[in-house]
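A.B. asks: Quick one: the structure is below, and I'll ask about it shortly.
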């Protein structure tokens, strides 16, 4: 994934997450305020019934059976009346579920007597007042629960006292709140889908000019690199021809710098292929142990010149073939071996090993190649940056052969193979790179 695509994804995530957070926060705030108001309005409506009920009982010497039944006829209340602690029995509305009604009434009286719930006392007159509280009643049969707004009116009359219980079911209000939540959930879901689609399209449009400019830059780099290769090849050929005739420090410098520039152009073209998604990978059945041996032999002379011992460690069992691009893997090994030789002091050692991991691994058959050295090592701060392009360790600033591109190219090649590269410290000092293919 190139930088523009990453920016597209990151900007979409940023835009979408911020908008989602704002929308969800506003929705939750609205639902909280709306539900609180709905509950408060419902609770505020009950005192309008309590006052006339209390007034009627105070004025009447006899509370009629018919009047109590009518109060329950609209299923708004469950009503129970206590006369000096004795329940007043009457023919309740037959439309109500009697067992359910009695269960609610008994639970409400018990909660009132024990005082185990927060309650509020309201005066009505000199001889009367009422207490209100919320009761949550659980149904052991199905595990559900229901809420009730309960009021107990207390009236002293003719040396007796009456207690009138009014239990108002709140289930219809709770159902209304649930319907509102599901409605908003559906609306928010559709809105978020539209927002994320818009964020993706909008950020893509914003990045189109940058992408076009990047493509023009890549085209220029590719053209310039290809054009520069021809004169470099001519210069290198002429320098090698003259050096064959006679030794010259000037010609040696020309040859060295030409080779260095040629490597830089090759690295830039490889990175350009990675950026455009055109890095050519030709997977074939490859014997990795052979690649490891060839790589060690190719760098043996260079390592010997610096008095560095380079060793290849192969498993005793024959390795199965690995499906990979042998030329690209050889290029990766060359990068790591060249770095290891450059950063390992004289008398040090480099070990290149390969092994076949368990086929039961979650990624299936895979191989690990390790390049260990006894060099200067890499600090923990730099381990997270060494695969960045043009990044060079402070210890490598004086080395002109390194442009800070090799590890980035190796990382892109292994990523194209769906593999990974990790870096750890070598026991005793140095660095170990682990390549998984």
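Residue numbers (our numbering): 1194 to 1630.
Backbone N, C-alpha and C define an ideal beta-carbon position, used for all residues, glycine too.
Note that the structure is a prediction, hence the values are computed from the model and not measured.
(1) Pull up the DSSP beta-bridge partners for residue 1180, would you.
(2) Below 8 angstroms CB to CB, which residues in the same chain sit around residue 1541 once its five sequence neighbours on both sides are set aside?
(3) So what does DSSP say about residue 1555, is it helix, strand or coil?
(4) Under the three-state reduction of DSSP, which class applies to residue 1266: helix, strand or coil?
(5) Cutting at 6 angstroms between CB atoms, please list the residues of its own chain near residue 1325, excluding the five before and the five after it.
(6) Per the DSSP calculation, residue 1374 is bridged to which residue(s)?
(7) Considering just the uninterrupted stretch of the alpha helix (DSSP H) at residue 1249, what are its terminal residues?
(8) Counting Cβ pairs closer than 8 angstroms, one from the stretch 1289 to 1307 and one from the stretch 1211 to 1229, do we hit at least three?
(9) Take residue 1609 and list the residues in its own chain whose beta-carbon comes closer than 7 angstroms to its own, dropping the five residues that flank it on each side.
(10) Decide if residue 1249 is buried, meaning its Cβ has at least 16 other Cβ atoms within 10 Å, or exposed.
(11) Do you know offhand how far residue 1450's Cα is from residue 1427's?
(12) Can you tell me where the alpha helix (DSSP H) with residue 1482 in it begins and where it stops?
(13) Can you tell which of 1321, 1613, 1447, 1409 has its C-alpha closest to the C-alpha of residue 1355?
(14) Please identify the residue among 1441, 1400, 1271 whose C-alpha is closest to the C-alpha of residue 1363.
(15) Under the rule that 16 or more other beta-carbon atoms within 10 Å means buried, what is residue 1532, buried or exposed?
(16) If we require 3 or more residues per run, which beta strand (DSSP E) segments fall completely within the stretch 1332 to 1391?
(17) Please state the DSSP three-state secondary structure of residue 1589.
(18) Is it buried or exposed for residue 1626, if we count other Cβ within 10 angstroms and need 16 for buried?
(19) Checking the sheet assignment: what are the DSSP bridge partners for residue 1223?
(20) If contacts are defined as beta-carbon pairs under 8 angstroms, then residue 1310 and residue 1328 qualify, I think. What distance do you get, rounded to the angstrom?
(21) Please tell me whether residue 1201 and residue 1385 are closer than 8 angstroms, where the distance is taken between their beta carbons.
(22) Measure the CB-CB distance between residue 1505 and residue 1545 and report whether it falls below 8 angstroms.
C.D. replies: So, to answer that:
(1) Lying outside 1194 to 1630, the shown extent of the chain, residue 1180 is not represented and no answer is given.
(2) The count along the chain shown starts at 1 and reaches residue 1541 at position 348. Around residue 1541: 1501, 1502, 1566, 1567, 1568, 1623.
(3) The count along the chain shown starts at 1 and reaches residue 1555 at position 362. Since pLDDT at residue 1555 reaches only 47, below the 50 mark, its modelled position is unreliable, and no value is offered.
(4) Stepping through the chain shown from its first residue, residue 1266 is reached at position 73. Three-state DSSP puts residue 1266 in coil, outside helix and strand.
(5) As a first step, residue 1325 must be located in the chain shown, where it is residue number 132. Within the same chain, residue 1325 has close Cβ partners 1313, 1344.
(6) By one-based count along the chain shown, residue 1374 stands at place 181. Answer by DSSP bridge pairing: none, since residue 1374 is not bridged.
(7) By one-based count along the chain shown, residue 1249 stands at place 56. Note, residue 1249: alpha helix (DSSP H), 1240 to 1252.
(8) no
(9) Within the chain shown, numbered from 1, the residue matching residue 1609 stands at position 416. These residues qualify, in order along the chain: 1472, 1474.
(10) Within the chain shown, numbered from 1, the residue matching residue 1249 stands at position 56. Residue 1249 comes out exposed.
(11) For the purposes of this step, residue 1450 is taken as residue 257 along the chain shown, with counting starting at 1. For the purposes of this step, residue 1427 is taken as residue 234 along the chain shown, with counting starting at 1. If you take the alpha carbons of residue 1450 and residue 1427, they lie about 13 angstroms apart.
(12) Within the chain shown, numbered from 1, the residue matching residue 1482 stands at position 289. Taken as a continuous stretch (DSSP letters only), the alpha helix (DSSP H) holding residue 1482 covers 1481 to 1498.
(13) The sequence position of residue 1355 within the chain shown is 162, counting from 1. The candidate whose alpha carbon is nearest that of residue 1355 is 1321.
(14) Counted from its first residue, the chain shown places residue 1363 at position 170. Of 1441, 1400, 1271, the residue nearest in Cα terms is 1271.
(15) On the chain shown, residue 1532 is found 339 positions in, with the first residue counted as 1. Buried, because 16 or more other Cβ atoms sit within 10 Å of the Cβ of residue 1532.
(16) 1338 to 1350, 1353 to 1362
(17) Walking along the chain shown from the start, residue 1589 turns up at place 396. Any reading at residue 1589 needs caution, since the residue's pLDDT is 47, under 50, leaving its predicted position unreliable; the model's value is listed next. Residue state, collapsed to three classes: helix.
(18) To locate residue 1626, count along the chain shown from 1; it is residue 433. By the neighbour-count rule (16 or more Cβ atoms within 10 Å), residue 1626 is buried.
(19) Taking the chain shown and counting its residues from 1, one reaches residue 1223 at position 30. Note: residue 1223 sits in no beta bridge, so no partner.
(20) Position 117 of the chain shown, counted from the start, is the residue given in the question as residue 1310. Position 135 of the chain shown, counted from the start, is the residue given in the question as residue 1328. Indeed, because the Cβ distance is near 7 angstroms, the residues count as touching under 8 angstroms.
(21) Sequence index remark: in the chain shown, residue 1201 carries index 8 (1-based). Sequence index remark: in the chain shown, residue 1385 carries index 192 (1-based). No, they are not a contact pair.
(22) Within the chain shown, residue 1505 is the residue found at index 312, counting from 1. Within the chain shown, residue 1545 is the residue found at index 352, counting from 1. Yes. Within cutoff.
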